[in-house]
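Have a look at the structure below before the remarks.
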Amino acid sequence: MKRDASRKLLAAWLREVGVDYVPARAAAPGGRRAGGDPPGEELDAIRRELEGCRGCGLCKGRSTIVFGTGNPRARLMFVGEGPGAEEDRQGEPFVGAAGRRLDRWIARIGLARADVYIANIVKCRPPGNRVPTPDEAKACMGYLLRQIRAIRPEVVCTLGLTALNHLCGVDERITRARGRWREMDGIAVLPTYHPAFILRDPAREAEVFEDFREIGRRLSLPERG
Ligand code: URA
745 MKRDASRKLL
755 AAWLREVGVD
765 YVPARAAAPG
775 GRRAGGDPPG
785 EELDAIRREL
795 EGCRGCGLCK
805 GRSTIVFGTG
815 NPRARLMFVG
825 EGPGAEEDRQ
835 GEPFVGAAGR
845 RLDRWIARIG
855 LARADVYIAN
865 IVKCRPPGNR
875 VPTPDEAKAC
885 MGYLLRQIRA
895 IRPEVVCTLG
905 LTALNHLCGV
915 DERITRARGR
925 WREMDGIAVL
935 PTYHPAFILR
945 DPAREAEVFE
955 DFREIGRRLS
965 LPERG
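Last residue of the sequence shown? That's 969 in the numbering used here, and every number before it is there in order.
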């Protein structure tokens, strides 16, 4: 049987027995996933390095770095732009109004914040919540790529224009790019709108719902109402 068909059968059977979501690929014997270090350890090492980072001017204004949060073995990872005031205070990404909206989108596909992983293009707050400059994004990109490699999600969803363009190294319009799958280092990437944009323009939220349905399908999550 083809691998895809057997995965679908397995997903259908798991749903039958009441399992909606399998948060991680099974660990190989010895607690390691084949082909890599345990992702938790790796993320901690990246975090420790980042703590003293002086790679760009944003370090001067930060209260704390905002490393990222969630399941280190997540199948789904979100990448936003950069911390705002509240995130800078709490050290966690997407904790304000935009974060609450993101949580609602995640819940639409039957997941919770703890199931996914959330990080940003830059880990320190840009002053006045301005968009990070290309140099700032570049200075931080190595950390983000290492986070993605450590977690090895099946899907990365970029939130907004900044995340799309910096992570994928493109210069595109989000209105054209959203909802179209692309690939980065063997990982499926789906761009959608940033939740802060949707808070300003709620009429576009239906497009985000469609994007999340796509993500749910890609991860073989059960379709919900
Ligand atoms: N917006 C982002 O892009 N990231 C955050 O962490 C918060 C708001």
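The beta-carbon is built from N, C-alpha and C at its ideal position, and this holds for glycine as well. From a predicted model like this one, the values you see are computed outputs, not experimental measurements.
Residue closest to residue i, alpha-carbon to alpha-carbon, out of the options
i           : options               : result
residue 867 : 848, 825, 894 and 819 : 825
residue 899 : 928, 905 and 872      : 928
residue 922 : 897, 952 and 850      : 952
residue 834 : 822, 811 and 849      : 811
residue 842 : 958, 901 and 828      : 828
residue 885 : 865, 904 and 966      : 865
residue 791 : 876, 888 and 806      : 888
residue 871 : 856, 950, 796 and 805 : 805
residue 832 : 809, 796, 931 and 945 : 809
residue 893 : 930, 902, 917 and 944 : 930
residue 716 : 967, 949 and 948      : In the structure displayed, the chain extends from 745 to 969; residue 716 sits before or after that span and is not available.
residue 950 : 849, 798, 915 and 882 : 849
Expected contact under 8 angstroms - CB spacing of residue i and residue j to nearest Å
i           : j           : result
residue 963 : residue 819 : 6 angstroms
residue 856 : residue 837 : In fact, because the Cβ distance is near 15 angstroms, the residues do not count as touching under 8 angstroms.
residue 908 : residue 935 : 4 angstroms
Other residues of its chain near residue i: CB distance less than 7 angstroms, five sequence neighbours each side excluded
i           : result
residue 879 : 800
residue 948 : 937 and 942
residue 955 : 922, 923, 934 and 936
Neighbourhood of residue i by C-beta distance below 8 angstroms, restricted to the same chain and skipping five residues each side
i           : result
residue 861 : 812, 813, 814, 815, 816, 818, 820, 821, 822, 891, 895 and 897
residue 767 : Interpretation of residue 767 is limited by its pLDDT of 45, a score under 50 that renders its predicted location unreliable; the figure taken from the coordinates is listed afterwards. If we look at residue 767 and ignore the five residues flanking it on each side, its Cβ neighbours are 815, 817, 818, 819 and 859.
Other residues of its chain near residue i: CB distance less than 6 angstroms, five sequence neighbours each side excluded
i           : result
residue 933 : 900 and 926
residue 965 : 853 and 854
residue 938 : 903 and 904
beta-carbon residue i near the ligand URA non-hydrogen atom, thresh 8 angstroms
i            : result
residue 839  : yes
residue 938  : yes
residue 810  : yes
residue 1001 : Nothing about residue 1001 can be read from this structure; the chain reaches only from 745 to 969.
residue 923  : no
residue 814  : no
residue 872  : no
residue 903  : yes
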